[in-house]
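Numbering (our numbering), first residue to last: 646 to 902.
The structure under discussion appears below in the form of C-alpha coordinates.
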Amino acid sequence: MRITGTFLDEISHDIPHQNWSAKEWDLDFKYMQAVGIDTVIMIRSGYRKFITYPSVYLQNNHGCFTPPVDLLGMFLTLADKYNMNFYFGLYDSGNYWDTGNMQHEIDANRYVIDEVWQKYGHHKSFKGWYLSMEISRKTKGAVNAFNTLGSQCKAVSNGLPTFISPWIDGKKSVMANTTNLSKADAISLQVHEQEWSEIFAGLKNSVDAVAFQDGHIDYNELADFFAVNKKMADQFGLKCWTNAETFDRDMPIKFMP
(Lines of atoms letter the chains of each structure in order from A; the text may use other names.)
(Lines give C-alpha, C1' and ligand atoms only; values in the text may rest on other atoms or scores of the structure.)
Protein backbone atom coordinates (compact mmCIF):
# COMPACT_ATOMS: atom_id res chain seq x y z
CA MET A 646 0.00 0.00 0.00
CA ARG A 647 1.43 3.37 -1.03
CA ILE A 648 1.26 6.63 0.88
CA THR A 649 -0.65 9.06 -1.36
CA GLY A 650 -1.33 11.98 0.97
CA THR A 651 0.45 14.06 3.58
CA PHE A 652 -0.20 16.82 6.08
CA LEU A 653 1.41 20.22 5.61
CA ASP A 654 2.45 21.05 9.17
CA GLU A 655 2.70 24.80 8.82
CA ILE A 656 2.11 26.04 12.37
CA SER A 657 2.95 23.40 14.90
CA HIS A 658 2.41 22.64 18.55
CA ASP A 659 5.79 20.95 18.98
CA ILE A 660 7.63 20.80 15.65
CA PRO A 661 10.06 23.61 14.78
CA HIS A 662 9.31 25.90 11.86
CA GLN A 663 11.50 25.53 8.77
CA ASN A 664 11.08 29.14 7.55
CA TRP A 665 10.93 27.97 3.96
CA SER A 666 10.33 30.41 1.13
CA ALA A 667 8.17 29.75 -1.93
CA LYS A 668 11.23 28.29 -3.66
CA GLU A 669 11.75 25.55 -1.05
CA TRP A 670 8.03 24.76 -0.91
CA ASP A 671 7.87 24.50 -4.69
CA LEU A 672 10.71 21.99 -4.66
CA ASP A 673 9.02 20.03 -1.86
CA PHE A 674 5.76 19.80 -3.82
CA LYS A 675 7.73 18.65 -6.86
CA TYR A 676 9.39 15.87 -4.85
CA MET A 677 6.07 14.87 -3.28
CA GLN A 678 4.46 14.55 -6.68
CA ALA A 679 7.39 12.47 -7.92
CA VAL A 680 6.89 9.85 -5.18
CA GLY A 681 3.15 9.58 -5.71
CA ILE A 682 1.63 12.12 -3.32
CA ASP A 683 -1.61 13.41 -4.84
CA THR A 684 -3.27 14.90 -1.75
CA VAL A 685 -2.00 17.53 0.70
CA ILE A 686 -3.82 18.56 3.88
CA MET A 687 -3.03 21.79 5.70
CA ILE A 688 -3.15 20.49 9.26
CA ARG A 689 -4.62 23.72 10.59
CA SER A 690 -5.05 27.24 9.25
CA GLY A 691 -3.91 28.80 12.47
CA TYR A 692 -3.06 28.09 16.08
CA ARG A 693 -3.88 30.68 18.73
CA LYS A 694 -2.49 33.98 17.39
CA PHE A 695 -0.44 32.58 14.48
CA ILE A 696 -2.38 32.18 11.23
CA THR A 697 -1.55 31.01 7.72
CA TYR A 698 -3.49 33.60 5.75
CA PRO A 699 -4.43 37.26 6.34
CA SER A 700 -7.79 36.64 8.00
CA VAL A 701 -9.65 39.86 8.66
CA TYR A 702 -11.98 38.05 11.07
CA LEU A 703 -9.27 36.37 13.14
CA GLN A 704 -7.13 39.50 13.30
CA ASN A 705 -10.03 41.71 14.37
CA ASN A 706 -11.75 39.28 16.75
CA HIS A 707 -8.98 37.04 18.10
CA GLY A 708 -6.01 39.40 18.00
CA CYS A 709 -4.12 37.19 15.57
CA PHE A 710 -0.87 38.41 14.06
CA THR A 711 -0.63 39.47 10.43
CA PRO A 712 1.25 36.66 8.66
CA PRO A 713 4.27 37.82 6.64
CA VAL A 714 3.38 35.33 3.90
CA ASP A 715 0.02 34.01 2.75
CA LEU A 716 0.90 30.34 3.23
CA LEU A 717 -2.61 29.20 2.35
CA GLY A 718 -2.50 31.01 -0.97
CA MET A 719 0.98 29.62 -1.65
CA PHE A 720 -0.04 26.04 -0.86
CA LEU A 721 -3.13 26.25 -3.06
CA THR A 722 -1.14 27.74 -5.95
CA LEU A 723 1.45 24.96 -5.68
CA ALA A 724 -1.27 22.32 -5.43
CA ASP A 725 -2.79 23.80 -8.59
CA LYS A 726 0.60 23.64 -10.31
CA TYR A 727 1.32 20.02 -9.37
CA ASN A 728 -2.25 18.74 -9.86
CA MET A 729 -2.78 17.81 -6.22
CA ASN A 730 -5.92 17.73 -4.12
CA PHE A 731 -5.80 20.26 -1.27
CA TYR A 732 -7.75 19.89 1.98
CA PHE A 733 -8.14 22.97 4.17
CA GLY A 734 -7.63 22.47 7.92
CA LEU A 735 -9.76 24.61 10.22
CA TYR A 736 -8.50 27.12 12.80
CA ASP A 737 -7.45 26.04 16.31
CA SER A 738 -8.02 28.84 18.83
CA GLY A 739 -6.31 26.89 21.61
CA ASN A 740 -9.31 27.48 23.88
CA TYR A 741 -10.45 23.88 23.66
CA TRP A 742 -7.07 22.65 24.91
CA ASP A 743 -7.26 25.12 27.80
CA THR A 744 -10.90 24.66 28.82
CA GLY A 745 -12.25 21.47 27.27
CA ASN A 746 -15.04 23.55 25.71
CA MET A 747 -15.47 22.88 21.99
CA GLN A 748 -17.83 25.84 21.53
CA HIS A 749 -14.91 28.24 21.07
CA GLU A 750 -13.79 26.30 18.00
CA ILE A 751 -17.29 26.28 16.54
CA ASP A 752 -17.75 30.02 17.01
CA ALA A 753 -14.45 30.95 15.36
CA ASN A 754 -14.61 28.53 12.48
CA ARG A 755 -18.11 29.45 11.39
CA TYR A 756 -16.59 32.72 10.19
CA VAL A 757 -13.33 31.18 8.97
CA ILE A 758 -15.11 28.69 6.70
CA ASP A 759 -17.08 31.39 4.89
CA GLU A 760 -14.08 33.72 4.68
CA VAL A 761 -11.75 31.09 3.26
CA TRP A 762 -14.17 29.72 0.69
CA GLN A 763 -15.02 33.20 -0.55
CA LYS A 764 -11.35 34.12 -0.98
CA TYR A 765 -9.76 30.82 -2.03
CA GLY A 766 -12.56 28.56 -3.23
CA HIS A 767 -11.81 29.32 -6.89
CA HIS A 768 -8.60 27.24 -6.81
CA LYS A 769 -9.01 24.03 -8.80
CA SER A 770 -7.01 22.14 -6.15
CA PHE A 771 -9.39 23.04 -3.30
CA LYS A 772 -10.98 19.62 -2.93
CA GLY A 773 -12.06 19.27 0.68
CA TRP A 774 -11.97 20.19 4.35
CA TYR A 775 -10.16 18.82 7.39
CA LEU A 776 -12.03 19.25 10.68
CA SER A 777 -8.87 19.73 12.70
CA MET A 778 -10.28 19.33 16.23
CA GLU A 779 -8.23 16.33 17.33
CA ILE A 780 -10.17 14.24 19.82
CA SER A 781 -10.21 10.80 21.37
CA ARG A 782 -13.02 8.92 23.05
CA LYS A 783 -16.11 10.75 24.30
CA THR A 784 -14.97 14.35 24.02
CA LYS A 785 -17.73 16.67 25.23
CA GLY A 786 -19.31 18.57 22.36
CA ALA A 787 -17.32 16.80 19.65
CA VAL A 788 -20.29 15.36 17.75
CA ASN A 789 -22.03 18.75 17.73
CA ALA A 790 -18.83 20.44 16.53
CA PHE A 791 -18.32 17.94 13.72
CA ASN A 792 -21.94 18.21 12.63
CA THR A 793 -22.07 22.01 12.78
CA LEU A 794 -18.77 22.71 11.05
CA GLY A 795 -18.78 19.75 8.69
CA SER A 796 -22.25 20.62 7.44
CA GLN A 797 -21.26 24.25 6.92
CA CYS A 798 -18.12 23.27 5.00
CA LYS A 799 -20.15 21.09 2.68
CA ALA A 800 -22.92 23.68 2.27
CA VAL A 801 -20.66 26.54 1.18
CA SER A 802 -18.54 24.40 -1.18
CA ASN A 803 -21.27 22.48 -2.97
CA GLY A 804 -20.62 19.27 -1.09
CA LEU A 805 -16.84 18.99 -0.98
CA PRO A 806 -15.81 16.13 1.35
CA THR A 807 -14.75 16.48 4.98
CA PHE A 808 -12.64 14.26 7.19
CA ILE A 809 -11.44 13.92 10.77
CA SER A 810 -8.25 12.43 12.23
CA PRO A 811 -8.75 11.39 15.88
CA TRP A 812 -6.15 9.66 17.98
CA ILE A 813 -6.56 6.29 19.69
CA ASP A 814 -6.25 6.53 23.48
CA GLY A 815 -3.58 3.83 23.66
CA LYS A 816 -0.57 3.24 25.91
CA LYS A 817 1.49 5.90 24.10
CA SER A 818 -1.19 8.56 24.49
CA VAL A 819 0.62 10.68 27.08
CA MET A 820 0.98 14.41 27.48
CA ALA A 821 4.05 16.09 26.01
CA ASN A 822 4.65 18.07 29.21
CA THR A 823 5.14 14.98 31.39
CA THR A 824 8.07 12.59 31.75
CA ASN A 825 5.93 9.52 31.07
CA LEU A 826 6.49 7.49 27.93
CA SER A 827 3.43 5.26 28.37
CA LYS A 828 0.38 4.85 30.58
CA ALA A 829 -1.36 1.91 32.18
CA ASP A 830 -4.98 2.95 31.60
CA ALA A 831 -4.91 2.50 27.83
CA ILE A 832 -8.22 1.98 26.07
CA SER A 833 -9.18 -1.58 25.19
CA LEU A 834 -10.16 -2.61 21.69
CA GLN A 835 -13.71 -3.31 22.84
CA VAL A 836 -14.20 0.07 24.53
CA HIS A 837 -12.64 1.84 21.52
CA GLU A 838 -15.19 0.20 19.24
CA GLN A 839 -18.08 0.96 21.59
CA GLU A 840 -17.26 4.64 22.10
CA TRP A 841 -16.44 5.41 18.48
CA SER A 842 -19.51 3.59 17.24
CA GLU A 843 -21.56 5.96 19.40
CA ILE A 844 -19.71 8.98 17.98
CA PHE A 845 -20.09 7.85 14.37
CA ALA A 846 -23.77 7.13 14.92
CA GLY A 847 -24.26 10.78 15.91
CA LEU A 848 -22.77 12.24 12.74
CA LYS A 849 -25.43 13.57 10.37
CA ASN A 850 -23.72 13.20 6.97
CA SER A 851 -21.28 15.90 8.08
CA VAL A 852 -18.11 13.78 7.89
CA ASP A 853 -17.11 11.69 4.88
CA ALA A 854 -13.89 10.02 6.03
CA VAL A 855 -12.01 9.14 9.21
CA ALA A 856 -8.24 8.74 9.46
CA PHE A 857 -7.29 7.47 12.90
CA GLN A 858 -3.76 8.39 14.01
CA ASP A 859 -1.68 5.23 14.44
CA GLY A 860 1.04 6.54 16.74
CA HIS A 861 -0.56 6.08 20.17
CA ILE A 862 -0.92 2.30 20.32
CA ASP A 863 1.67 -0.45 20.48
CA TYR A 864 2.94 -2.00 17.25
CA ASN A 865 1.42 -5.39 18.03
CA GLU A 866 -2.02 -3.75 18.41
CA LEU A 867 -2.08 -2.08 15.00
CA ALA A 868 -3.70 -4.89 13.02
CA ASP A 869 -6.58 -5.35 15.47
CA PHE A 870 -7.33 -1.64 15.77
CA PHE A 871 -7.09 -1.15 12.00
CA ALA A 872 -9.59 -3.99 11.48
CA VAL A 873 -12.05 -2.49 13.96
CA ASN A 874 -11.66 0.99 12.47
CA LYS A 875 -12.46 -0.35 9.00
CA LYS A 876 -15.43 -2.29 10.35
CA MET A 877 -16.89 0.82 11.99
CA ALA A 878 -16.26 3.00 8.95
CA ASP A 879 -18.08 0.54 6.71
CA GLN A 880 -20.95 0.27 9.17
CA PHE A 881 -21.52 4.03 9.32
CA GLY A 882 -20.82 4.85 5.68
CA LEU A 883 -17.43 6.52 6.14
CA LYS A 884 -14.28 6.15 4.11
CA CYS A 885 -11.50 4.65 6.23
CA TRP A 886 -8.08 6.23 5.84
CA THR A 887 -5.05 5.81 8.09
CA ASN A 888 -2.90 8.61 9.49
CA ALA A 889 0.49 6.88 9.44
CA GLU A 890 2.60 9.05 11.71
CA THR A 891 5.92 8.82 9.89
CA PHE A 892 7.01 12.43 10.41
CA ASP A 893 10.43 13.59 11.57
CA ARG A 894 10.32 16.30 14.23
CA ASP A 895 13.94 17.35 13.61
CA MET A 896 14.61 17.70 17.32
CA PRO A 897 15.09 15.55 20.45
CA ILE A 898 11.61 14.69 21.71
CA LYS A 899 9.97 11.61 23.17
CA PHE A 900 7.34 11.13 20.45
CA MET A 901 9.35 9.28 17.84
CA PRO A 902 7.99 8.27 14.41
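For glycine and all other residues, C-beta sits at the position ideal for the given N, C-alpha and C.
Item                                                                                                                                        : Value
How close, in whole Å, do the beta carbons of residue 802 and residue 735 come, if the pair is a contact with beta carbons under 8 Å?       : With a Cβ gap of about 13 Å, residue 802 and residue 735 do not count as contacting.
Does the pairing of the stretch 839-854 with the stretch 784-793 give three or more beta-carbon distances under 8 Å?                        : yes
Thinking C-alpha only, which one of 857, 737 and 754 is nearest residue 781?                                                                : 857
Measuring alpha carbon to alpha carbon, tell me which residue in 835, 654 and 745 is nearest residue 732.                                   : 654
Once you ignore the five residues that flank residue 757 on each side, which residues in its own chain have a CB closer than 6 Å to its CB? : 736
According to DSSP, simplified to helix, strand and coil, what is residue 744?                                                               : helix
Over what stretch of residues does the beta strand (DSSP E) that includes residue 734 continue unbroken?                                    : 730-734
By Cβ distance, which residues of its chain are closer than 8 Å to residue 669, with the 5 residues on each side in sequence left out?      : 663
Beta carbon of residue 832, beta carbon of residue 859: below 8 Å?                                                                          : no
Does DSSP put residue 780 in a helix, in a strand, or in coil?                                                                              : coil
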